[in-house]
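**Q**
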Amino acid sequence: MLLGTGTAIGQTSDGAQRLIALTRETTARYSLVTLNRIRRSDGRIVEEWSAEYHDGTLHRVETPRDRIVADCAAMRGSYADLRKGKLIENMSVAKAACGIEANTPILSARIEGKRESRFGPTTHLVIRDPNFIRTYDVDKNGALLGATISDHSGQRLLTNWAVYLSSDVPPDIFSKDSLGRSVVPERFKQPRPAN
């Protein structure tokens, strides 16, 4: 079975398919900042921020190393690699940025009930792909308020959780030209020690 963006879906319930589609097709307006705990290949644990902004069909992602803008309806995206000073523009950028990542085939997806976040109830989704087990806590508007990525042995590689959610979105942040500046408030960029 195929889901809207062409991603193959294996053993997936209708509810899981609808939830994945909601994350990719939402027209909600939100600003979201998450904290990410990342296990590096050398075993070190680091924490850093990331942010997502959405308004209608337009989406923006920021991390300390990357900035992306995308039109999720037209499936066009621009990716600025801040370390290498490179700009990439193609459909794969939009498929990575707009909701649950759509560049990798999904082997299975299932809903595992509701969870309470600091911003209200979410629906907990578990996805298996050829390389990873990914979980998402999806808000009713399609925003991803929490996520994990583990390898198939169960080793947790990333955990993230929302620390800020608002229906306000800064102006003029969805153009390719806007990638030259960060729009994430400085208070969210302060380094934090890993626990």
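Residues 1101 to 1295 in the working numbering are what the sequence shown spells out, letter by letter. C-beta atoms are modelled at their ideal positions from N, C-alpha and C, and glycine is treated no differently.
#1: Give the DSSP bridge partners of threonine 1222, in chain order.
#2: Across which residues does DSSP place histidine 1159 in a beta bridge pair?
#3: From which residue to which residue does the alpha helix (DSSP H) around arginine 1124 run?
#4: Check each candidate in Gly1220, Tyr1236, Thr1248 and Ala1209 and name the one with the smallest Cα separation from aspartate 1229.
#5: Please name the residue, chosen from Asp1171, Thr1259 and Gln1255, that lies closest to serine 1275 on a Cα-to-Cα basis.
#6: Cα separation between valine 1269 and aspartate 1237?
#7: Distance check for arginine 1218 and asparagine 1136, CA to CA, integer angstroms please.
#8: Using a Cβ-Cβ distance under 8 Å, would phenylalanine 1288 count as near chain C?
#9: To which residues does DSSP link phenylalanine 1232 through a beta bridge?
#10: Anyone know if the C-beta pair for aspartate 1150 and threonine 1163 falls short of 8 Å?
#11: Please work out which residues of its chain come closer than 6 Å, Cβ to Cβ, to alanine 1180, disregarding the five sequence neighbours upstream and downstream, and give them in chain order.
#12: For serine 1192, which of helix, strand or coil comes out of DSSP?
#13: Tell me which same chain residues have a C-beta within less than 7 Å of the C-beta of threonine 1296, skipping the five on either side of it?
#14: How is the beta strand (DSSP E) around aspartate 1181 delimited, first residue to last?
#15: So the beta strand (DSSP E) threonine 1259 belongs to, where does it begin and stop?
#16: In chain order, what residues of the same chain lie with their CB nearer than 6 Å to the CB of isoleucine 1233, ignoring the 5 residues before and after it?
#17: Pick out whichever of Thr1134, Met1191 and Leu1207 has its Cα sitting closest to the Cα of alanine 1116.
#18: Shortest alpha-carbon distance to glutamine 1111 belongs to which of Glu1125, Pro1205, Asp1142 and Leu1257?
**A** Quick look at the numbers:
#1: Looking up residue 1222 in the sequence shown gives position 122. Paired residue(s): Arg1215.
#2: For the purposes of this step, residue 1159 is taken as residue 59 along the sequence shown, with counting starting at 1. When DSSP reads this structure, histidine 1159 sits in a beta bridge with His1154 and Ala1170.
#3: Here residue 1124 is taken as the residue at index 24 of the sequence shown, counted from 1. Counted as a single uninterrupted DSSP element, the alpha helix (DSSP H) harbouring arginine 1124 occupies residues 1114-1125.
#4: Counting from 1 along the sequence shown, the entry for residue 1229 is found at position 129. Relative to the Cα of aspartate 1229, the nearest Cα in the group Gly1220, Tyr1236, Thr1248 and Ala1209 belongs to Ala1209.
#5: Counted from its first residue, the sequence shown places residue 1275 at position 175. Closest option to serine 1275, Cα to Cα, is Asp1171.
#6: Taking the sequence shown and counting its residues from 1, the one referred to as residue 1269 is at position 169. Taking the sequence shown and counting its residues from 1, the one referred to as residue 1237 is at position 137. Going by C-alpha positions, valine 1269 is about 21 Å away from aspartate 1237.
#7: Your numbering for residue 1136 matches position 36 in the sequence shown. Your numbering for residue 1218 matches position 118 in the sequence shown. Spanning the alpha carbons of asparagine 1136 and arginine 1218 requires a straight line of approximately 16 Å.
#8: Annotation note: the requested chain C is absent from the structure, which comprises a single protein chain.
#9: If you number the sequence shown from 1, residue 1232 lands on position 132. For phenylalanine 1232, which the question treats as bridged, DSSP gives the partners Asp1251.
#10: Indexing the sequence shown from 1 puts residue 1150 at position 50. Indexing the sequence shown from 1 puts residue 1163 at position 63. The question names aspartate, but residue 1150 is serine in the sequence shown. It is a contact, given that the beta carbons lie within the stated cut-off.
#11: Here residue 1180 refers to the residue found at position 80 of the sequence shown. Excluding residues within five positions, the ones whose Cβ falls inside 6 Å are Arg1167, Leu1187 and Leu1279.
#12: On the sequence shown, position 92 is the one that residue 1192 refers to. In this structure, serine 1192 counts as helix in the three-state DSSP scheme.
#13: This structure cannot settle anything about residue 1296, because the visible part of the chain is limited to 1101 through 1295.
#14: In the sequence shown, residue 1181 corresponds to position 81, counting from 1. For aspartate 1181, the uninterrupted beta strand (DSSP E) run begins and ends at 1176-1181, by DSSP.
#15: Translated into positions along the sequence shown, residue 1259 becomes position 159. Looking at the DSSP string, the run of the beta strand (DSSP E) that includes threonine 1259 is 1256-1266.
#16: Residue numbering aside, residue 1233 sits at position 133 when the sequence shown is read from its first letter. Excluding residues up to 5 positions away in sequence, Ser1250 lie with their Cβ nearer than 6 Å to the Cβ of isoleucine 1233 in the same chain.
#17: Counting from 1 along the sequence shown, the entry for residue 1116 is found at position 16. Out of Thr1134, Met1191 and Leu1207, the CA that lies nearest to the CA of alanine 1116 is found in Leu1207.
#18: To locate residue 1111, count along the sequence shown from 1; it is residue 11. If we check each option's Cα against that of glutamine 1111, Pro1205 comes out closest.
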